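Q:
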């Protein structure tokens, strides 16, 4: 009997070793005992390359530190599998009614509620397949911008549990188009599971920068070579030999910024009060539905104590959003090949599904019914409605902006408080002159105060410019832009826009903005930000921006900036 058992163990042991080794190879990307031939078809090459990349990413994620301050631990590095996406707010052109209702369902929730001066808004773009969330985030008195849904109508209630049961988290298909510094900001997703509108909500950080990098890599991988010599590895000497694009790409052909698919699991949400984590707070429970969805840009990380991100980038930002909703991992998808081919952040292999409360054959988006801002105000408690006028009087945005402007003029620009008040009074008297009024007034002060620190101050011109955009012709606005060129403020605006891109990229962006009729809106926001951005207006003009758009090639400084930009862009095409 003993001899028989030993013989059986000797027969079983090699099989166990082989199975164990193959499992180890699959888990840690160790070459198998008998490697396959080094030459493959383009399809098998592509699949193997994706498998290796996926395994390395999984290994890196497993070995990464779990610190909440590390961006690598944030939950937006996409799981390489197909997903069932249930859009709740859809900004694509497929359904114009759902697109318009989705855009009107959101309201701003910036740091103005706590005395800050940041501002942002989510607006629809009727001719584009996305909405735009943009604004100016300032650290003076706050340091965050956000949007959230309006209160859901009582007849509809929250997003019902039929919509959330079986779902794994919240997704957003979006992209940051204003700059490449997503990692210098903290991006958060917000959920509310109760009807109140208090300060306590559930939030989770997500790594937008990582998602954008993933999207760019997958774009390059799809558009580049897929068939490789030797072992189909980028590091091998063989390298790419032919081009074989994989699948259709859901991107804009005229734009080089890909769409990132951010996915935030429900398990990553934590109860917070402001930026601070509520210790021992209950976990997120979506079994009773969700009453609010929001997105936030902040300088604060989610932590027990107030924690600011290092090297936070304030100023203008612009994010395009295609859709927001829930997702569920496709657990029935056992075909690894299909899942890996769909690993592209553009939703090639994702399934756009209807709400689970609808019949399975109905593939439409049902946007939740929300109250209007007026109805929401009327439904607030009586005591709160009585206190709001007093709070607005004491902590209004206008008062906060005035305090910030006074601080800039006195502390950073060298004016006395009396001179700053006189400057404001004279500017109001000459308000009809718009930009000319304030700049000329500041010029007089500079001449009068020789030997003291001076400079160009742009003033709070946002509202004034907004009115002039409606009432004045483009020729008048072009003349004002020419005047800004003389004052060397326009170059500083262009410098900010081109911090992370080449001059050609800048010209292309400006050309695109002019074609989309958004240049005026961008100018308005950038000019408004100059009042509070001391670094931008205190320093000299960078030489890398000015030569590209006019002065160095002999173009008169009095010519319209539109003609300058148009000629420059045409010459580079």
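Residue numbers (full-length UniProt numbering): 1 to 573.
We put the beta carbon where it would ideally sit given N, CA and C, even for glycine.
Bear in mind that the values here come from a model prediction, so they are computed numbers and not experimental data.
(1) Is the separation between the beta-carbon of residue 330 and that of residue 184 shorter than 7 angstroms?
(2) Between the stretch 91-103 and the stretch 136-152, do three or more beta carbon pairs fall short of 8 angstroms?
(3) Does residue 410 come out as helix, strand or coil in the three-state DSSP assignment?
(4) From the DSSP output, which residues share a beta bridge with residue 146?
(5) Hey, how far is the Cα of residue 316 from the Cα of residue 309?
(6) How is residue 488 classed by DSSP in three states: helix, strand or coil?
(7) Check whether the Cβ atoms of residue 149 and residue 105 sit closer than 7 angstroms, and answer yes or no.
(8) Compare the C-alpha of residue 293 against each of 422, 307, 279, 325 and name the closest.
(9) At the level of alpha carbons, what is the spacing between residue 416 and residue 410?
(10) Compute the Euclidean distance between the alpha carbons of residue 406 and residue 118, then round it to the nearest angstrom.
(11) With distances taken between CB atoms, is the gap from residue 186 to residue 264 smaller than 7 angstroms?
(12) Given this structure, state the Cα-to-Cα distance separating residue 275 from residue 112, to the nearest angstrom.
(13) Do you know whose CA, among 284, 258, 277, lies nearest residue 269's CA?
(14) Taking the straight line between their C-alpha atoms, what separation do you get for residue 277 and residue 224?
(15) Apply the 10 Å Cβ neighbour rule to residue 123 and answer buried if 16 or more other Cβ atoms are within range, or exposed otherwise.
(16) Under the three-state reduction of DSSP, which class applies to residue 210: helix, strand or coil?
(17) Taking all protein chains shown into account, decide if residue 282 is buried (16 or more other Cβ within 10 angstroms of its Cβ) or exposed.
(18) To the nearest angstrom, how far is the alpha carbon of residue 91 from that of residue 424?
(19) Run the CB neighbour count on residue 273, radius 10 Å, all protein chains shown included, and call it buried at 16 or more, exposed below.
(20) State the beta-bridge partners of residue 90 as determined by DSSP.
(21) Can you list, in chain order, the residues of its chain with a C-beta nearer than 7 angstroms to that of residue 306? Leave out the 5 residues immediately preceding and following it.
(22) Whole-angstrom Cβ separation of residue 291 and residue 199, contact assumed at under 8 angstroms?
(23) Measuring alpha carbon to alpha carbon, tell me which of 114, 130, 147, 131 ends up nearest residue 139.
(24) Taking 7 angstroms as the threshold (C-beta atoms), are residue 173 and residue 594 in contact?
(25) Looking only at C-alpha atoms, which of 89, 208, 216, 262 sits nearest to residue 168?
(26) Label residue 382 either buried or exposed according to how many other C-beta atoms from any shown protein chain fall within 10 Å of its C-beta, with 16 as the threshold for buried.
(27) By the DSSP assignment, the alpha helix (DSSP H) with residue 260 in it spans what residues?
(28) Give me the DSSP bridge partner(s) of residue 170.
(29) What does the Cβ neighbour count give for residue 304, buried or exposed, with the cut at 16 atoms within 10 Å?
(30) In whole angstroms, give me the CA-to-CA distance for residue 86 and residue 321.
(31) Of the choices 83, 126, 208, 189, whose alpha-carbon is the least far from that of residue 202?
(32) Could you check what DSSP says for residue 205 in three-state terms: helix, strand or coil?
A: Let's see:
(1) Here the question's residue 330 lines up with position 330 in the chain shown. Here the question's residue 184 lines up with position 184 in the chain shown. Taking 7 angstroms as the cut-off, the Cβ atoms of residue 330 and residue 184 do not count as close.
(2) No: fewer than three Cβ pairs fall under 8 angstroms.
(3) Reading the chain shown from its first residue, position 410 is the one you call residue 410. Shown here, residue 410 sits in a helix according to DSSP, grouped into three states.
(4) As a position in the chain shown, residue 146 is number 146, starting the count at 1. DSSP output for residue 146 lists 296 as bridge partner(s).
(5) Counting from 1 along the chain shown, the entry for residue 316 is found at position 316. Counting from 1 along the chain shown, the entry for residue 309 is found at position 309. A straight-line Cα-Cα distance of about 17 angstroms links residue 316 and residue 309.
(6) What you label residue 488 is simply residue 488 of the chain shown in a count that begins at 1. Per-residue confidence for residue 488 stands at a pLDDT of 48, beneath the threshold of 50, marking its modelled position as unreliable; the derived number appears in the next sentence. In the displayed model, residue 488 falls within coil according to three-state DSSP, outside both helix and strand.
(7) Looking up residue 149 in the chain shown gives position 149. Looking up residue 105 in the chain shown gives position 105. Result yes, Cβ atoms of residue 149 and residue 105 sit closer than 7 angstroms.
(8) As a working note, residue 293 is residue 293 in the chain shown. Answer by Cα proximity: 325.
(9) Taking the first residue of the chain shown as 1, we reach residue 416 at position 416. Taking the first residue of the chain shown as 1, we reach residue 410 at position 410. Near 6 angstroms, if we compare the C-alpha coordinates of residue 410 and residue 416.
(10) One-based indexing of the chain shown puts residue 406 at position 406. One-based indexing of the chain shown puts residue 118 at position 118. About 17 angstroms.
(11) For the purposes of this step, residue 186 is taken as residue 186 along the chain shown, with counting starting at 1. For the purposes of this step, residue 264 is taken as residue 264 along the chain shown, with counting starting at 1. Between residue 186 and residue 264, the C-beta gap is not smaller than 7 angstroms, which leaves the two residues out of contact.
(12) If you number the chain shown from 1, residue 275 lands on position 275. If you number the chain shown from 1, residue 112 lands on position 112. Near 15 angstroms, if we compare the C-alpha coordinates of residue 112 and residue 275.
(13) Stepping through the chain shown from its first residue, residue 269 is reached at position 269. For the set 284, 258, 277, the Cα lying nearest the Cα of residue 269 is the one of 284.
(14) What you label residue 277 is simply residue 277 of the chain shown in a count that begins at 1. What you label residue 224 is simply residue 224 of the chain shown in a count that begins at 1. When only Cα atoms are considered, residue 277 and residue 224 end up about 44 angstroms apart.
(15) Taking the chain shown and counting its residues from 1, the one referred to as residue 123 is at position 123. By the neighbour-count rule (16 or more Cβ atoms within 10 Å), residue 123 is not buried but exposed.
(16) Translated into positions along the chain shown, residue 210 becomes position 210. The DSSP-derived three-state label of residue 210 is helix.
(17) If you number the chain shown from 1, residue 282 lands on position 282. It counts as exposed.
(18) The residue given as residue 91 occupies position 91 in the chain shown. The residue given as residue 424 occupies position 424 in the chain shown. Each residue's Cα considered, the two are about 42 angstroms apart.
(19) Here the question's residue 273 lines up with position 273 in the chain shown. Residue 273 is exposed by the Cβ-count criterion.
(20) Against the chain shown, residue 90 aligns to sequence position 90. 323.
(21) Translated into the one-based positions of the chain shown, residue 306 becomes position 306. The beta carbon of residue 306 sits closer than 7 angstroms to the beta carbons of 275, 276, 300 from its chain, once the five residues preceding and following it are set aside; these are given in chain order.
(22) For this step, residue 291 is matched to residue 291 along the chain shown. For this step, residue 199 is matched to residue 199 along the chain shown. About 15 angstroms; that fails the 8 angstroms criterion.
(23) Your numbering for residue 139 matches position 139 in the chain shown. Taking residue 139 as reference, the option from 114, 130, 147, 131 with the minimal CA-CA separation is 114.
(24) Residue 594 is absent from the model: the chain starts at 1 and stops at 573.
(25) Working through the chain shown from its first residue, we reach residue 168 at position 168. Per the Cα distances, 262.
(26) Here residue 382 is taken as the residue at index 382 of the chain shown, counted from 1. Residue 382 is exposed by the Cβ-count criterion.
(27) For the purposes of this step, residue 260 is taken as the residue at position 260 of the chain shown. No alpha helix (DSSP H) contains residue 260, which is instead part of the beta strand (DSSP E) from 260-265.
(28) Here residue 170 refers to the residue found at position 170 when the chain shown is read from its first residue. Bridge partners of residue 170 according to DSSP: 264, 326.
(29) Here residue 304 is taken as the residue at index 304 of the chain shown, counted from 1. Residue 304 comes out exposed.
(30) Position 86 of the chain shown holds residue 86. Position 321 of the chain shown holds residue 321. Distance between the alpha carbons of residue 86 and residue 321 is about 15 angstroms.
(31) In the chain shown, residue 202 corresponds to position 202, counting from 1. In terms of Cα proximity to residue 202, the closest of 83, 126, 208, 189 is 189.
(32) Locating residue 205 in the chain shown gives position 205, where the first residue counts as 1. DSSP places residue 205 within a strand segment (E or B) once states are collapsed to three.
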